[in-house]
Amino acid sequence: MSSSFEKDQKRRLISSYFSVVLSIALVLFLLGLLGMLVLNAKKVSDHFKEQVVVTIYLKETAKEVEIKQLEKSLAMADYVKSIEYVSKEQAAEFLKAENGEDFMDFVGYNPLQNSIDVHLKADFVTSEHLEKISEEATSKNFVDEVTYDNDLVNLMNENVRRISFWVLVISGIFTIIAVLLINSSIRLAVYSKRFTIKTMQMVGATKQFIRRPFVWKSIRLGIIGAIIALIGMAIVLYYINKTFPELGLLNAPVLVALLFATIFALGILITWISTHIATQRFLNLKTDALYY
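Residue numbering for the sequence shown follows our numbering, starting at 11 and increasing by one per position.
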């Protein structure tokens, strides 16, 4: 009978430890993903901003030397990431490939213009900078017009501001939820040992002596949970970097290592604090209150 009871208690204890490790791993994993999002939010937004194209259309009378000078000045500008000269023949080929038919068969000639596509650096993709760049380019007598999607730029910048704000808010809320969830799991594990705690206290053991094995046990569980979370984060990070290499998520290994170290430290810190509070609560309870 006693052996059966001990086996049942051991099974419950293992189940309790498993739930603690699983809770820690899941919470830290989600917290780590949120951390990766926060760290790479600027990279992602910069990537999309740099897809905005400023097209400079050139007049038919533009001389080759003038075009070369414009290309050179643009390439040297601190706000330009890359430029590409697109002849009207190339533009016609692009349209033909996109529409599946040759529009020149109907028109009889090529009405398109030679142009220069300019990709700006992300920090300069604002309405103010784009307007200034447009005015500077159109001031040249061989430039016909400059076009860009101003509405898209405004919408993109507004969305980036909104997303950044809500990511920070959600990060704070999620951190609080993470602490509460891990704390609840550890409290349940300590609750199953409340009679052992009170018995040790009654025979004269100090609070620090009673608390120590629970704290070390929880820290070990926190380390296991953190390692599982880090493995999951590494897999996700590898997959995203392989799928979207242009984002360059692994270009800053120091930040990635710092994030992983922070998640690992959080696994230890949260379990230590939660266990300390939980054991202190049962140490301060009267014997009669243990049954409720």
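By construction, the Cβ of each residue, glycine as well, lies at the ideal position given by its N, Cα and C atoms.
Check, Outcome
"Output the boundary residues of the alpha helix (DSSP H) element that contains K91.", "First-last for K91: V90 to V96, but that is the beta strand (DSSP E), not the alpha helix (DSSP H)."
"Start and end of the beta strand (DSSP E) containing L84?", "Here L84 belongs to no beta strand (DSSP E); instead the alpha helix (DSSP H) covers E74 to M86."
"Which same chain residues end up closer than 7 Å to A85 when comparing Cβ atoms and leaving out the 5 residues on each side of it in sequence?", "I93"
"Would you report the Cα separation of N167 and T136, rounded to the nearest angstrom?", "8 Å"
"Hey, could you find the ends of the beta strand (DSSP E) S149 is sitting in?", "Where S149 is concerned, there is no enclosing beta strand (DSSP E), given that its DSSP letter is neither H nor E."
"Can you have a look at A288 and say buried or exposed, based on whether 16 or more other CB atoms are within 10 angstroms of its CB?", "buried"
"Please name the residue or residues paired with S144 in a DSSP beta bridge.", "Beta-bridge pairing links S144 to no other residue."
"Just list the residues that DSSP pairs Y67 with in beta bridges.", "S125 and E155"
"Thinking L38 and A239 are a contact (beta carbons under 8 Å), I'd like their distance in whole angstroms, please.", "4 Å"
"Which first and last residues belong to the alpha helix (DSSP H) in which K203 is found?", "Premise fails: K203 is in no alpha helix (DSSP H) and is neither H nor E."
"Would you call the region 53-67 and the region 142-161 in contact, with 3 or more CB pairs under 8 Å?", "yes"
"Using the rule of at least 16 other Cβ atoms within 10 Å of the residue's Cβ for burial, across every protein chain shown, is S55 buried or exposed?", "buried"
"Roughly how many angstroms lie between the CA atoms of P263 and A271, to the nearest whole one?", "12 Å"
"Considering only the alpha carbon of each residue, which of F28, L40, S29 and K59 lies closest to A3?", "In the structure displayed, the chain extends from 11 to 302; residue 3 sits before or after that span and is not available."
"How do the region 227-236 and the region 276-286 stand: do at least 3 beta-carbon pairs fall below 8 Å, yes or no?", "yes"
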